[in-house]
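Chains as they are written, first to last, in the working numbering: chain A, 2 to 115; chain B, 31 to 143.
Heads up: the structure comes next, in structure tokens.
If you want it as structure tokens, here you go:
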């Protein structure tokens with residue numbers, strides 16, 4: 002089955018700096034790659050996603066890039082703010098039948114310091 | 031609130047007891063997923079439904095676990111004869127047919143003592 006690896010496990014940046022989180026996946030058939038933000042005690046929140054027919058997608062301060070050949074994708078957060086502090090999870094969609102179960106990475110704890 | 035809801039939010043039970051959790055998906059979503067999340071890990075897929083049909087179960091879902099979605103709306107996840115290893119956050123997500131985006135509920139945190 003699909004395996005998703007995520008690095009780094011923790012990341013500390015100063016406010017205003019950029020943060021980059023990287024993931025690799027194993028199943029070349031995966032075609033959907035969402036990113037979730039999870040604050041302590043709260044639900045995972047979908048913040049951005051990318052499909053395999055697109056190389057890059059941007060939404061304000063957040064961008065995601067996908068390299069299908071290398072089977073890796075990355076989350077880029079620019080101009081980080083304290084409220085960006087959270088655990089971020091990447092995931093890959095392994096299509097089964099008509100639905101898309103997600104395989105998650107192990108998470109990156111991002112700390113934005115003042 | 032039109033998001034995914036789950037009840038209860040917290041459950042403490044003694045080993046060997048049965049527990050049942052409920053998930054109410056976003057109203058127009060016909061796909062419903064259950065995941066389990068342990069501390070420091072990402073969610074792990076357990077099972078999913080399309081309408082009332084349970085279409086896939088993970089190997090993580092032992093025979094002590096059963097999930098239902100009787101009318102294609104809310105779903106229940108039951109764990110029989112709970113074990114300490116069942117302690118985790120149980121997350122529910124839903125999605126609309128034809129779209130991959132999954133939206134999560136707040137989860138039910140289970141503690142087995």
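Just so it is clear, CB atoms sit at the ideal spot from N, CA and C, and this is done for glycine as well.
Check whether the region 16 to 31 of chain A touches the region 73 to 86 of chain A, counting contact only when three or more Cβ pairs, one atom from each stretch, lie closer than 8 angstroms.
-> yes
Is there at least one Cβ from chain B nearer than 8 angstroms to residue 27 of chain A's Cβ?
-> With 8 angstroms as the cut-off, residue 27 of chain A does not count as an interface residue toward chain B.
Chain A within 8 angstroms of residue 133 of chain B, Cβ atoms only | yes
Between the region 52 to 60 of chain A and the region 24 to 36 of chain A, do at least 3 Cβ pairs fall closer than 8 angstroms?
-> yes
For residue 33 of chain A, which residues in chain B fall below 8 angstroms Cβ to Cβ?
-> 130
Element boundaries [beta strand (DSSP E), containing residue 34 of chain A] | 33 to 39
Under a three-way DSSP split, which group does residue 114 of chain B fall into?
-> helix
Contact check, residue 63 of chain B vs residue 114 of chain B under 8 angstroms by CB: the rounded distance?
-> By a beta-carbon distance limit of 8 angstroms, residue 63 of chain B does not contact residue 114 of chain B. Their separation comes to about 25 angstroms.
Beta-carbon neighbours of residue 71 of chain B, restricted to chain A and to distances below 9 angstroms = 105, 107, 108
According to DSSP, what are the bridge partners of residue 139 of chain B?
-> B:40, B:119
Can you name the residues that DSSP bridges to residue 8 of chain A?
-> A:23
Residues sharing a beta bridge with residue 47 of chain A, DSSP = Within the DSSP bridge table, the entry for residue 47 of chain A names A:37 as partners.
Start and end residues, beta strand (DSSP E) containing residue 75 of chain B | Residues 74 to 80.
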